[in-house]
Every structure is written in C-alpha cells, then in structure tokens.
Amino acid sequence: MFPTYTAGMGPHGPHDRSGRRRGAGRSRHRCDDGSWSVAARMERFNEPVVLAILRDGSAHGYDLAESLRAWVPDEQIDLGNLYRMLRSMEDEGIVQSEWSDNAPGRAKRTYELTADGETLLDAWVRSLRSTNATIARFLQEYGDDKEGTT
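All you need for the working numbering is the position in the sequence shown, starting with 1, plus 3.
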C-alpha cells in the first residue's frame, strides 16, 4: 500500500533508507569528512521581503529580483519561483499588477502592494519579530563560547 524505498533513488530523487528525501533540498546534510553542513532555509523569507520592497513603490519582476539579491546576497533568486509567488499573491489580492510598455523594449508587468498586502506585511513583521526573539534566546542559551566551532 505505501511505497518503501531502499537508500538510493526514489520517485522524486535521492532518498535515504527511511524513504526521506536527501540532497540539495534539505536544510542539513553530513559532509564527506563527517562534519555537518546546515543552511537556514530562506525560501519563505522572500515573501515578506517582496512585500517590504513593494511597500516603497511599484516594481517590475526583474527589479524585484535585483532588490531581493541585495536583501539575501547568499541566496540564489529563482526568477521562475519569484514570478509564481507574485502570481499567487496577485490571485490572493495581496499585490496587483498592470502591463506597462512606456519603457524601451518589451512590455513589463508592474507590481504594487494592495491594502491586503500591507496587512499581510504587518503580520509577517510580527511573526519575524517573534521568530527573531526565539532565535536570539537560542543563541544566548547556546553561548558565545561555542561560536565558530565545528
């Protein structure tokens, strides 16, 4: 009834013996030398950043990608994911867009924040402040003496 996997390839890529996915999409993995590599997952952080950028004024998708790169310089910005997120936010009434062809070249879609988007941004800020406080408590409890050790 339920698929079982051996370590190796599963229907969606590499899996460990439990059937859990392993590889690039994970936030942690063991390196060849036995150490751990951990990456805080930033994908969901793109949404509040885009909302904050649009709060300051309308922007084209590519301009949003450039602004995102400035906010999260260590992250890859996938334009396809960005445009899917914008389309989803537009479907939910969080942003609105219109085509503008007053600039040279192809027509571009310009996005702007709606009142619902402002409300969502406020909710994100509250959530991020709470998360920030939790992370700060963790780092304080863990101690500065552990900083930089492997």
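A virtual CB, placed ideally from N, CA and C, is assigned to each residue, including glycine.
Subject >> Any 3 or more C-beta pairs closer than 8 Å across the region 54–65 and the region 124–134 >> reply: yes
Original post:
At which residues does the beta strand (DSSP E) containing residue 99 begin and terminate?
Top reply: By one-based count along the sequence shown, residue 99 stands at place 96. Start and end: 98–103.
Original post:
If you pair each beta-carbon of the region 129–144 with each one of the region 68–77, do three or more pairs fall below 8 Å?
Top reply: Counting Cβ pairs under 8 Å, fewer than three are found: no touch.
Original post:
In this structure, does DSSP put residue 41 in helix, strand or coil?
Top reply: For the purposes of this step, residue 41 is identified with residue 38 of the sequence shown, where counting begins at 1. Residue state, collapsed to three classes: strand.
**OP:** Decide if residue 120 is buried, meaning its Cβ has at least 16 other Cβ atoms within 10 Å, or exposed.
**Re:** For the purposes of this step, residue 120 is taken as the residue at position 117 of the sequence shown. By the neighbour-count rule (16 or more Cβ atoms within 10 Å), residue 120 is buried.
Subject >> Proximal residues to residue 116 (C-beta, below 7 Å), its chain only, five neighbours per side dropped >> reply: Here the question's residue 116 lines up with position 113 in the sequence shown. Within the same chain, residue 116 has close Cβ partners 54, 57, 58 and 98.
Subject >> Three-state class that DSSP yields for residue 33 in the structure shown >> reply: Here residue 33 is taken as the residue at index 30 of the sequence shown, counted from 1. Under the three-state reduction of DSSP, residue 33 is assigned to strand.
Original post:
DSSP puts residue 112 in a beta bridge; with which residues?
Top reply: One-based indexing of the sequence shown puts residue 112 at position 109. Under DSSP, the beta-bridge partners assigned to residue 112 are 102.
Subject >> Between the CA atoms of residue 110 and residue 48 - distance to the nearest angstrom >> reply: The residue labelled residue 48 in the question sits at position 45 within the sequence shown. The residue labelled residue 110 in the question sits at position 107 within the sequence shown. If I take the Cα positions, the gap works out to 28 Å.
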